[in-house]
Amino acid sequence: VPRGRAHGRKLVTEPPLAWGLVSRASLHSGSLTAASRLGRKLLMCLFKEVIFLLKCGDKRDARESPGYPVDILEDDPEGLREAALAYQATLREAVGSPAELFSLPTGEQVKLEASSVRLCSVHRDEPQHKVLVLVSPRDTKTGGSEPGVPVGARISLCSCAAARCSDAPLVVAAVCTSFSLTFSLVVAVYIKASWWATEDVLRTSDPARQGLMKVQSFGERIVLFILNVVIFGRLERNLDDDDMFFLPHSVKEQAKILWRDGAAVGFYTTKTKGSLYGNGTGACYLLPVFDTVFVRRSHRRQGLGLAMLRDFCQTFPEEEALGVSCPISPAMLQVCRKFLLAHPEEQARLWEVEPPGAWGQRANIWLKMQLQLSRHPDREPEGTEVHLCPVTPSVGPEVQMD
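Quick note, the sequence shown lines up with residues 1 to 402 if you use UniProt numbering.
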């Protein structure tokens, strides 16, 4: 038993060996004699207790396990950033020394060294909210020096994005950071003095996390960031679409994460009525807007897009008009069509909108579909569920579906 749980499990699985150990212990103990039944009973009680603990050990560990990052992380962004900076400093000081290795779920090992970590912002408008990520050195499209993306293209993209936003300097910085990160294969995140594989960051041990849940804690903000920038931005999009990606969300972004079977599989975000559109403009959204949405590839074609659009509409039952961010991608348009066919009561209040959503910036989605159908009656869209990607990109052209 003192040699560890592995030996203890052998006691449980091999009773003859266990009895032999008890017998030898009683024979070699000076305090026990052949006539000392009490001593033997004490040893047997101890042995049974050890067996009980070993049998229940795995369940006890699972029950007492601290869980995944979203379950254990405190709402302390500043503390997380300071810990990340301190760890990054130790990596820089250790240059030239043998690097530790982080094992991925795939079996691949990545060196923990200064050149393979990045400090990135979780929110585009809060530079102090940062996490340390580990990128794969084998990734051929890494941020900053990727051979497939010339610097001129990145600058052009940033300028184009900035021209569309009121807070241009802030957006340029956010675009540069996000664009660089989306071309890096992030494999782990540094949280609570440990490296967590990206898939583990998306997991939860809390059975109460099921279905659509509002993002509230900083740990959930990190999950949203991983889904948005890492999963959609790099792993589950067409890498040929180098001019399309999501910026990190705002620190005050209203969002819901879709949890299924202990993992985050999607999200959608909204612009609330009365919230500011851009910094310094003073303009506010005039209606709630369904802004961005994403479902992981492994969970598409299961009606989850419809479920999220339905949840959005049910969240604002008193509003006479609801918006969907313009431009609406073809896949999202299919989702809207199926939803409006199933819920005709929503046909009059769902609008495609440009911010901030004045009447001159709205187009009724159902009416737009009917007009298109009247012009091309032989091109009626099929009523099949399509896999879901963003309603509209934060920068760049309309999202294309593969």
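From the three backbone atoms N, C-alpha and C, an ideal C-beta is built for every residue, glycine too. In this text, all values refer to a predicted model and were calculated from it rather than measured experimentally.
**OP:** Return the bridge partner residues of C284 from the DSSP annotation.
**Re:** On the sequence shown, residue 284 is found 284 positions in, with the first residue counted as 1. The partner list for C284 (beta bridge, DSSP) reads L276.
Subject >> Anticipated Cβ contact below 8 Å, R362 with P248, distance rounded >> reply: Residue 362 sits at position 362 when you count from the first residue of the sequence shown. Residue 248 sits at position 248 when you count from the first residue of the sequence shown. So it is not a contact: roughly 28 Å between Cβ atoms.
Original post:
What number of angstroms, rounded off, separates the C-alpha of R234 from the C-alpha of P344?
Top reply: Locating residue 234 in the sequence shown gives position 234, counting from the first residue. Locating residue 344 in the sequence shown gives position 344, counting from the first residue. So the alpha carbons of these two residues sit roughly 37 Å apart.
**OP:** Return the chain-ordered ranges of every alpha helix (DSSP H) run that is complete within the region 276-342 and spans a minimum of 4 residues.
**Re:** 304-315, 330-342
Subject >> Classification of I72 by the beta-carbon crowding that lies within 10 angstroms, buried from 16 upward >> reply: In the sequence shown, residue 72 corresponds to position 72, counting from 1. Classification of I72: exposed, given that the 10 Å Cβ count is below 16.
**OP:** Report the three-state DSSP secondary structure of A255 (helix, strand or coil).
**Re:** Position 255 of the sequence shown holds residue 255. Residue state, collapsed to three classes: strand.
Subject >> C-beta contact flag for I257 and A263 at 7 Å >> reply: Taking the sequence shown and counting its residues from 1, one reaches residue 257 at position 257. Taking the sequence shown and counting its residues from 1, one reaches residue 263 at position 263. No, the Cβ-Cβ distance between I257 and A263 is not below 7 Å.
**OP:** Would you mind working out which of G357, L333, V324, V131 sits nearest Q370, comparing C-alpha positions?
**Re:** Counting from one through the sequence shown, the residue named residue 370 turns up at place 370. Among G357, L333, V324, V131, the Cα nearest to that of Q370 is on L333.
Original post:
What is the DSSP secondary structure of S91, reduced to helix, strand or coil?
Top reply: Translated into the one-based positions of the sequence shown, residue 91 becomes position 91. Checking the sequence shown, residue 91 turns out to be Leu, not Ser. Helix, per DSSP.
**OP:** Return the chain-ordered list of same chain residues with a C-beta closer than 8 Å to the C-beta of A348, the five sequence neighbours on each side being excluded.
**Re:** Locating residue 348 in the sequence shown gives position 348, where the first residue counts as 1. The residues are N364, W366.
Original post:
For the candidate residues P137, G67, P356, whose alpha-carbon lies nearest to that of G278?
Top reply: Along the sequence shown, read from residue 1 onward, the residue named residue 278 stands at position 278. Minimum Cα distance to G278 is reached at P356.
**OP:** Could you please give the first and the last residue of the uninterrupted beta strand (DSSP E) stretch that includes L224?
**Re:** Counted from its first residue, the sequence shown places residue 224 at position 224. Not the beta strand (DSSP E): L224 falls in the alpha helix (DSSP H), residues 218-225.
Original post:
Does DSSP put L185 in a helix, in a strand, or in coil?
Top reply: Numbered from 1 along the sequence shown, position 185 holds the residue referred to as residue 185. Correct three-state label for L185: coil.
Original post:
Are the CB atoms of V293 and Y268 nearer to each other than 7 Å?
Top reply: To locate residue 293, count along the sequence shown from 1; it is residue 293. To locate residue 268, count along the sequence shown from 1; it is residue 268. Yes, Cβ-Cβ distance for V293 and Y268 is below 7 Å.
**OP:** Identify the continuous alpha helix (DSSP H) that holds Q370 and give its terminal residues.
**Re:** Here residue 370 corresponds to residue number 370 of the sequence shown, with the count starting at 1. From DSSP, the alpha helix (DSSP H) with Q370 extends over 365-375.
Original post:
From D61 to Q372, what does the alpha carbon distance come to, in whole angstroms?
Top reply: Stepping through the sequence shown from its first residue, residue 61 is reached at position 61. Stepping through the sequence shown from its first residue, residue 372 is reached at position 372. Reliability of the predicted coordinates at D61 is poor, the pLDDT of 37 falling under 50, and no value is obtained from them.
Original post:
Starting from V133 and walking both ways along the beta strand (DSSP E), at which residues does that stretch end?
Top reply: For the purposes of this step, residue 133 is identified with residue 133 of the sequence shown, where counting begins at 1. Start and end: 126-135.
Subject >> Reference V215; option with closest CA among W259, E82, D76 >> reply: Numbered from 1 along the sequence shown, position 215 holds the residue referred to as residue 215. Selected option, being the one with the closest Cα: W259.
Subject >> Counted within 10 angstroms of its Cβ, other Cβ atoms place W351 as buried (16 or more) or exposed >> reply: Stepping through the sequence shown from its first residue, residue 351 is reached at position 351. W351 comes out buried.
Original post:
CA-CA distance, L112 and F218?
Top reply: Here residue 112 refers to the residue found at position 112 of the sequence shown. Here residue 218 refers to the residue found at position 218 of the sequence shown. L112 and F218: Cα-Cα distance of roughly 25 Å.
**OP:** Mark V353 as exposed unless 16 or more other C-beta atoms lie within 10 angstroms of its C-beta, in which case mark it buried.
**Re:** If you number the sequence shown from 1, residue 353 lands on position 353. Classification of V353: buried, given that the 10 Å Cβ count is 16 or more.
Subject >> Extent of the continuous beta strand (DSSP E) to which E199 belongs >> reply: Position 199 of the sequence shown, counted from the start, is the residue given in the question as residue 199. From DSSP, E199 is part of no beta strand (DSSP E) but of the alpha helix (DSSP H) over 198-201.
Original post:
Taking Cβ to Cβ, would you say V223 is nearer than 7 Å to V122?
Top reply: Translated into the one-based positions of the sequence shown, residue 223 becomes position 223. Translated into the one-based positions of the sequence shown, residue 122 becomes position 122. Not a contact, by the Cβ cut-off of 7 Å.
**OP:** Return helix, strand or coil for Q361, following the three-state DSSP convention.
**Re:** The residue you call residue 361 lines up with position 361 of the sequence shown. If DSSP states are grouped into helix, strand and coil, Q361 belongs with the helices.
**OP:** Could you have a look at V265 and say whether DSSP puts it in helix, strand or coil?
**Re:** Position 265 of the sequence shown, counted from the first residue, corresponds to residue 265. Three-state DSSP puts V265 in a strand.
**OP:** Can you have a look at G323 and say buried or exposed, based on whether 16 or more other CB atoms are within 10 angstroms of its CB?
**Re:** Working through the sequence shown from its first residue, we reach residue 323 at position 323. Buried, since its Cβ has 16 or more Cβ neighbours within 10 Å.
**OP:** From the DSSP output, in three-state form, read off E100 for me.
**Re:** Along the sequence shown, read from residue 1 onward, the residue named residue 100 stands at position 100. Correct three-state label for E100: strand.
Subject >> Own chain partners of R375 with C-beta closer than 7 Å, once the 5 adjacent residues on each side are dropped >> reply: Looking up residue 375 in the sequence shown gives position 375. Contacts found: none.
Subject >> Element boundaries [alpha helix (DSSP H), containing V70] >> reply: Looking up residue 70 in the sequence shown gives position 70. 69-72 is the extent of the alpha helix (DSSP H) around V70.
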